[in-house]
Amino acid sequence: MAELRQILQHLELAAQAYGVDLTLAVPTLPPRRPAAPASATPVVAAPAAPAAPARLAPTPGETTLLAPAGPPDPVEAAFAALRREIQACTRCALHQGREHAVPGEGNPRAEVLFLGEAPGASEDKTGRPFVGPSGQLLDRILAGAMGLQRSDVYIANVAKCHPPGNRNPEPHEVAACLPFLTRQLALVRPKVIVCLGRVAAQNLLGASESVSKLRGRDLCHDGIPVVVTWHPAYLLREPAAKRDTWEDIKRVNRLLGRPEVPKSPGA
Ligand code: URA
Ligand code: URA
1 MAELRQILQH LELAAQAYGV DLTLAVPTLP PRRPAAPASA TPVVAAPAAP AAPARLAPTP
61 GETTLLAPAG PPDPVEAAFA ALRREIQACT RCALHQGREH AVPGEGNPRA EVLFLGEAPG
121 ASEDKTGRPF VGPSGQLLDR ILAGAMGLQR SDVYIANVAK CHPPGNRNPE PHEVAACLPF
181 LTRQLALVRP KVIVCLGRVA AQNLLGASES VSKLRGRDLC HDGIPVVVTW HPAYLLREPA
241 AKRDTWEDIK RVNRLLGRPE VPKSPGA
């Protein structure tokens with residue numbers, strides 16, 4: 001009976017995170033595939049302990065709470081300088097067609113960093129990451145599956161400028177842009193990085209495998225555990241894959257030492 005109650009709670013939370021379709025999808029979940037053996041590919045890492053030091057749990061609105069008088073926060077100052085640099089960047093041709101570069105945003109001391117591919121049209125217009133339809137789904141996933149808001153986490157992209165026609169960023173464009181991500185990671189020092197989709201995963205990990213091959217594996221970047229999941233845009237096209245993302249986010253919660261399923265979703 002307790003088990004049934006737990007399953008029902010799962011379904012309800014999943015439905016809140018992704019929409020009602022998942023409530024039908026979950027009962028037919030296939031058994032979880034076992035993790036690939038550690039020797040399978042060079043990108044597989046031992047289930048590394050998070051390298052980041054212990055820190056306070058993220059607090060909603062922390063960014064604004066840091067603002068009042070007193071000495072400037074060095075991390076905030078470094079972020080501001082990095083933002084200005086990205087906004088003025090001309091390292092690749094993508095700057096020619098952009099309306100706004102999209103540096104990234106969120107809690108500068110977030111425990112989890114979500115990594116996307118590149119800004120889309122809505123992001124190019126606003127200068128903010130994941131504000132279009134994919135971003136709205138990402139917000140629902142954060143709230144429903146983690147009990148977090150976007151201001152609790154950090155959100156960045158591999159490429160900071162919108163590629164024309166939403167094409168993937170070219171390797172030379174990614175190469176020009178990756179130093180910005182490296183600096184963002186060094187500032188945030190997240191405990192977990194979540195790669196949203198193939199472009200984020202392959203470029204961060206230096207891997208060539210598909211999302212379906214990388215999901216569910218113990219991966220890491222610079223000692224930081226990496227969880228690979230589907231891109232929200234893919235989930236919008238393939239709603240059945242949301243069950244995978246639900247499992248992937250439960251892994252993120254476990255890695256962070258949080259409850260697998262939030263006690264109060266959206267709180
Ligand atoms: N897709 C991405 O990968 N990043 C964004 O910021 C928006 C959509
Ligand atoms: N292709 C991608 O680039 N990302 C996904 O999440 C799925 C397919």
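Residue numbers (this note's numbering): 1 to 267.
Ideal placement from N, C-alpha and C gives every residue a C-beta, glycine not left out.
Note that the structure is predicted; figures quoted are calculated from it, not measured.
C-alpha distance - residue i paired with residue j, whole-angstrom precision
i      : j      : result
GLU76  : GLY106 : 11 Å
ARG243 : VAL227 : 15 Å
ASN203 : VAL174 : 8 Å
GLN96  : LEU113 : 28 Å
ARG189 : GLY165 : 33 Å
ALA118 : LEU235 : 17 Å
LYS263 : LEU148 : 11 Å
ASP218 : PRO225 : 7 Å
ALA156 : ARG198 : 15 Å
VAL192 : LEU256 : 7 Å
ASP318 : ARG150 : Examination of residue 318 is not possible in this model, given that the chain is present from 1 through 267 alone.
PHE79  : GLU123 : 19 Å
ALA110 : GLY104 : 13 Å
ALA240 : PRO74  : 44 Å
GLY132 : PRO169 : 18 Å
PRO163 : PHE130 : 15 Å
HIS231 : LEU205 : 16 Å
ARG237 : ALA143 : 21 Å
GLY216 : GLN136 : 24 Å
TRP246 : LEU115 : 17 Å
Where the alpha helix (DSSP H) containing residue i begins and where it ends
i      : result
HIS172 : 171–188
VAL261 : Looking at the DSSP string, VAL261 is not in any alpha helix (DSSP H), and its letter there is neither H nor E.
SER142 : Residue 142 is actually Leu in this sequence, not Ser. From DSSP, LEU142 is part of no alpha helix (DSSP H); its letter is neither H nor E.
LEU148 : LEU148 -> no alpha helix (DSSP H), and no H or E assigned at all.
VAL102 : No alpha helix (DSSP H) contains VAL102, which DSSP labels as neither H nor E.
SER212 : 211–214
Paired residues, beta bridge with residue i - DSSP
i      : result
PHE130 : BP columns for PHE130 are empty, so no partner.
THR229 : LEU196
HIS221 : ILE224
Unbroken beta strand (DSSP E) run spanning residue i, endpoints
i      : result
THR90  : Note, THR90: premise wrong, no beta strand (DSSP E); not H, not E.
ASN168 : From DSSP, ASN168 is part of no beta strand (DSSP E); its letter is neither H nor E.
ALA156 : 154–157
GLU112 : One point to set straight first is that residue 112 is Val, not Glu, in the sequence displayed. 112–116 is the extent of the beta strand (DSSP E) around VAL112.
Cβ-heavy atom distance, residue i to ligand 1, below 8 Å
i      : result
ALA200 : yes
PHE180 : no
ALA118 : yes
ILE155 : yes
ALA101 : no
GLU123 : yes
PHE130 : yes
PRO134 : It should be pointed out that residue 134 corresponds to Ser in this sequence rather than to Pro. Under cutoff, so the answer is yes.
ALA241 : no
PRO232 : yes
GLY127 : no
GLY197 : yes
Contacting residues, own chain, Cβ-Cβ under 6 Å from residue i (five flanking each side not counted)
i      : result
CYS177 : ALA159 and LYS160
GLN87  : ALA101
TYR18  : LYS242
CYS92  : GLU173 and ALA176
ALA121 : none
ALA233 : SER134
PRO71  : none
Cutoff 8 Å; reference residue i; Cβ partners in own chain excluding five residues on either side
i      : result
LYS125 : GLU99 and HIS100
LYS250 : ALA145, GLU260 and VAL261
GLU85  : PHE180
Check: residue i C-beta below 8 Å from any heavy atom of ligand 3
i     : result
LEU94 : Looking at this structure, you won't find ligand 3 anywhere; what it does contain is ligand 1 and ligand 2.
7 Å CB neighbourhood of residue i in its chain, flanking five on each side removed
i      : result
ALA201 : CYS195, ALA207, VAL211, LEU214 and VAL228
ARG83  : PRO103
ARG254 : GLU260
ARG128 : VAL102 and GLU105
ASP248 : ARG215, VAL227 and THR229
Chain C contact for residue i (CB, 9 Å cutoff)
i      : result
LEU138 : Absent from the structure is chain C; it holds one protein chain and no more.
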